[in-house]
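Presented below is the structure to which this report refers.
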Amino acid sequence: MAARVAQDAALTQRPRKAESILDLVGNTPLIEIKRLRDNVPPRVRIFAKLEGLNPGGSVKDRPAVWMVRDGLQNGKLCAGKTILDSTSGNTGIALAMAGAALGYPVELVMPANVSIERKRIVNAYGAKTIFSDPLEGSDGAILLCRKIIAESPGKYFKPDQYFNEVNPRAHFESTGPEIWGDTGGQITHFVAGIGTGGTIMGTGRYLKSRNSSVQVVAIEPDDAWHGLEGLKHMESSIVPGIYHENELDRKLSIGTDVAYEMVYRLAAEEGLVVGQSSGAAMVGALRIARELDAGIIVAIFCDFGDRYLSTNLWAGWQDWRERQQSHH
Amino acid sequence: MAVRVRIPTPLRRFTGGSEEVSVEGSNVAQAIEDLEKKCPGIKERLCDEAGKVRRFVNLFVNNDDIRFLNSLETALKDGDEVAIVPAIAGG
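Chains H and F supply the protein sequences, listed in that same order.
Numbering follows the working numbering, with no gaps: position 244 of the first sequence is 953.
Numbering follows the working numbering, with no gaps: position 66 of the second sequence is 184.
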């Protein structure tokens, strides 16, 4: 057992020198959350995996790079093809980065109200953006993307993040082994949000393959009407083909306001400015932690907060800050 | 003032599936009150207990965010369009 853990740990080291930006995807660090504990028993430890340290700035670098490389290997992505997919943002940034690094054009279908930061980042990589009706949300982008492909079927390579099993496989082959190695095989609970379901499915499967008693806990918005950008409320959405709810041990519903406030607290108390889905994951991790006597919880923090500074997440910060000051 | 309110997919369960609802109001607050009369339950989704627009909700009048106009007091005229824009979900 110890030898296998050591072997995994050796696999999960970021290279000091790389030939391509894509070789720097993965091998993100865990950070222990030590100050923001809210009455968590002392033998319960909470770690956040900082996916914002991927070169494209989010967890989505993993599936994007895996799916593009898979397309190159099986010949579906070849000279003359354009990479096209629908995305709420982070997958778009990751695909734009991969396309630029490999020399393939990229087109992205996104709801028109994605943050200005995201639009500018994908444009900087040279990708073309196609906007869908903001009122139709990310499902509207999925449907528009299908229509565009139906009109010119030979032109595109579609990574198809919602239905491509290579998406969860990226996490089975990278996120899972990294967490297993970095916790010395001691992880008891894995907490992650559901966007496509790729992270929770692939990582969860890997961890359970090493220790079937690891609990896999999914985080989802508490209502179809929510402000947790990047997360999906499954009951009211087009359900991704890669998502299999029966593989989850638990699902926790998290409200938008509590997740936003957790983002503000993580910044002030831990020095971590993260996105709203990370706030939701932290709320879920604390909820699990308070139920335990001992354990090691790992939560996925999908990205950092700087790409949301123009959004509602930060619109509420001033109010919150004033409330905090009036309490003291 | 007769204005059109555009409803996002997640809130269409309050409008019987309609994408658009016609309401009366000379500012956004009044338009929301009239919308609530026609589609009970929807106001609570848009505003908190104190009556302020919820932190994650975006309301646009003719493509301008009311946060940068006059918030709920933003004036409306005949034919204006109010859009309720959702946050972006998943992937």
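Beta carbons: idealized from backbone N, C-alpha and C, even for Gly.
All values derive from a computational prediction rather than experimental measurement.
Note on the stretch 778 to 828 of chain H: whole beta strand (DSSP E) runs with a minimum of 3 residues are 791 to 795 and 815 to 820, in chain order.
Residue 801 (chain H) sits away from residue 820 (chain H), with the two beta carbons spaced by 8 Å or more.
Cβ-Cβ separation between residue 786 (chain H) and residue 866 (chain H): approximately 4 Å, consistent with a contact (criterion under 8 Å).
For the stretch 810 to 824 of chain H, residues whose beta-carbon sits nearer than 7 Å to a beta-carbon of chain F comprise 820, 822 and 823. The beta carbons of residue 983 (chain H) and residue 780 (chain H) sit no closer together than 8 Å. Between the C-alpha atoms of residue 200 (chain F) and residue 154 (chain F) there is a straight-line separation of about 14 Å. Under the three-state reduction of DSSP output, residue 972 (chain H) falls in the helix class. Ranking H:973, H:895, H:920 and H:851 by CA distance to the CA of residue 1024 (chain H) puts H:973 first. Across the structure, residue 906 (chain H) and residue 150 (chain F) are spaced so that their CA atoms are roughly 35 Å apart. Close to residue 845 (chain H), with beta-carbon spacing below 7 Å, are these residues of chain F in chain order: 127.
Contact between the stretch 849 to 866 of chain H and the stretch 811 to 818 of chain H is established, with three or more Cβ pairs separated by less than 8 Å. By the CB criterion at 8 Å, residue 932 (chain H) and residue 868 (chain H) fall outside the cutoff. In this structure, residue 911 (chain H) keeps its C-beta atom at 8 Å or more from the C-beta atom of residue 859 (chain H). Contact check for residue 177 (chain F) against residue 146 (chain F) passes: the beta carbons are separated by less than 8 Å. Below 8 Å, enough C-beta pairs join the stretch 997 to 1012 of chain H and the stretch 891 to 904 of chain H to call them touching: three or more. Residue pairing by DSSP places residue 902 (chain H) opposite H:928 in a beta bridge. Residue contact with chain F for residue 869 (chain H): absent (no Cβ-Cβ distance below 8 Å to any residue of chain F). In the three-state scheme derived from DSSP, where H, G and I count as helix and E and B as strand, residue 957 (chain H) is classed as coil.
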